[in-house]
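In terms of the working numbering, the sequence shown is residues 149 to 355.
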Amino acid sequence: NYSYYMHMKYFFQKKKSPVNKFLNNTRTVFLKVWQRPAELFFKWTGRIRRKEIISRMRKADIVLASPATGSLSLTALLYRVALRSRYVHSMLYIGDGRIIHTSARNGVVVGPLPRKIYKKDRYGVFRIRELTKIQQDKVVDEALQWKHKKLDHAGVITNVPARLLGFKKALISWERNRIWCSKLIYKSFYAAGIELVPPEKAEVIAS
C-alpha cells in the first residue's frame, strides 16, 4: 500500500516542463543582470526628486514624519495608536538642506533633511502663509538656541494621557527647561510672534 501511495504521489506531482525551466532560468539571469542597474536608477531618480523638493523649500518650513508603523519607537507607536496621529515627529527646515529636530539620545540636533523627503506617504512639508523673511530668520534663530538641549522624556511620555484626558498642562512639569520635537516648533514660532496653537494647549502639543 505504501509503495502504491508513493507511486501515485510521484505520478500526480506537477513536473516542470522544459519551457517553464527555460523561463525560470531566464528570469533568474535577468534579475541578476539588471538588479544593480535598477537600484542605481531608482537611487539616481530619488536624488533628483530630493533636490527638486529642497529647491522649493524655505526657511521655517515644518517637516512632519510618518514612518512605517513597524519602525516606530515605543513612544512614537503610543502617539500613533492612542492619539490616532499619522505624523509622529516634527522637524524645522533651517535652509541649505538641513533641519533642526530632537533625538532621544542627543536632544536637539541639526542634521540633513531625510534622504527620502520626496515620499509623500512618509513626509509632509508645511508652510505658514505670508511668513516674512524676518520672521523666517527669527524662527530659525530661536530654534538654534535650543541646540544640544536634552529631550524631555517625561513630558513626551505623559503628553499622551494628558491629551487623552483633555488636560491643558503636562502631567509632569519639573523638566520645563527641556523640550520635545513639536514643542521646539511651537516655541520657535512663538518667539517670532506666531501662535501655531492656542497658548493654553502648548504644554501638551503633539506633531
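Heads up, the beta-carbon is just placed ideally off N, CA and C, and yes, glycines get one too.
Along the chain, where does the beta strand (DSSP E) containing Leu-220 start, and where does it finish? Walking along the sequence shown from the start, residue 220 turns up at place 72. That residue, Leu-220, is in no beta strand (DSSP E); it is neither H nor E in DSSP.
Cα separation between Gly-245 and Val-256? Here residue 245 is taken as the residue at index 97 of the sequence shown, counted from 1. Here residue 256 is taken as the residue at index 108 of the sequence shown, counted from 1. Their Cα atoms are separated by approximately 17 Å.
Local conformation of Pro-347 per DSSP, three classes: Counting from one through the sequence shown, the residue named residue 347 turns up at place 199. Helix.
DSSP puts His-296 in a beta bridge; with which residues? As a first step, residue 296 is located in the sequence shown; it is residue number 148 there, counting from the start. In the DSSP output, where bridge partners are listed per residue, His-296 has none listed.
Could you round the C-beta distance between Ala-340 and Gln-283 to whole angstroms and report it? I think they count as a contact, below 8 Å. By 1-based counting over the sequence shown, the position of residue 340 is 192. By 1-based counting over the sequence shown, the position of residue 283 is 135. Right, the Cβ-Cβ distance comes to about 5 Å (below 8 Å), so this counts as a contact.
Quick one: measure Cβ to Cβ for Phe-274 and Ile-210, integer angstroms, because I've assumed they're closer than 8 Å. On the sequence shown, position 126 is the one that residue 274 refers to. On the sequence shown, position 62 is the one that residue 210 refers to. Yes, Phe-274 and Ile-210 are in contact; Cβ-Cβ is about 5 Å, under 8 Å.
Let's see if you can read the secondary structure: which residues bound the alpha helix (DSSP H) around Ser-233? Taking the first residue of the sequence shown as position 1, residue 233 is located at position 85. DSSP places Ser-233 outside any alpha helix (DSSP H), giving it a letter other than H or E.
Host alpha helix (DSSP H) of Tyr-338 (start-end): Against the sequence shown, residue 338 aligns to sequence position 190. Annotation: the continuous alpha helix (DSSP H) that includes Tyr-338 extends over 329 to 339.
Let me know the secondary structure DSSP gives Tyr-266 once reduced to three states. Within the sequence shown, the letter at position 118 stands for residue 266. Tyr-266: coil per DSSP, three-state reduction.
Classify Val-308 as buried or exposed, calling it buried when 16 or more other Cβ atoms lie within 10 Å of its own Cβ. Taking the first residue of the sequence shown as 1, we reach residue 308 at position 160. That one is buried.
Express the C-alpha separation of His-301 and Met-205 in angstroms, rounding to a whole number. Locating residue 205 in the sequence shown gives position 57, where the first residue counts as 1. Locating residue 301 in the sequence shown gives position 153, where the first residue counts as 1. Looking at the two C-alpha atoms, the distance is approximately 30 Å.
Taking C-beta to C-beta, are Ile-248 and Lys-207 nearer than 8 Å? Locating residue 248 in the sequence shown gives position 100, where the first residue counts as 1. Locating residue 207 in the sequence shown gives position 59, where the first residue counts as 1. Result no, Cβ atoms of Ile-248 and Lys-207 do not sit closer than 8 Å.
Sorted by chain position, which residues of the same chain lie with C-beta nearer than 6 Å to Met-239's C-beta, five sequence neighbours on each side aside? Your numbering for residue 239 matches position 91 in the sequence shown. Answer for Met-239: Val-211, Ile-247, His-249, listed in chain order.
Hey, is Gln-283's beta-carbon within less than 8 Å of any beta-carbon in chain C? Protein chains in the displayed structure number just one, and chain C is not present.
Mind checking Tyr-153: buried by the 16 CB within 10 Å criterion, or exposed? Locating residue 153 in the sequence shown gives position 5, counting from the first residue. Below a pLDDT of 50, predicted positions are generally treated as unreliable, and Tyr-153, at 49, falls in that range; the measurement from the model is reported next regardless. Residue burial annotation: Tyr-153 is exposed, with fewer than 16 other C-beta atoms found within 10 angstroms of its C-beta.
Have a look at Arg-234 and Ile-353 and give me their C-alpha separation to the nearest angstrom. The residue given as residue 234 occupies position 86 in the sequence shown. The residue given as residue 353 occupies position 205 in the sequence shown. Their backbone Cα atoms lie some 15 Å apart in a straight line.
Decide if Leu-313 is buried, meaning its Cβ has at least 16 other Cβ atoms within 10 Å, or exposed. One-based indexing of the sequence shown puts residue 313 at position 165. By the C-beta density criterion, Leu-313 is exposed, having fewer than 16 other C-beta atoms within 10 angstroms.
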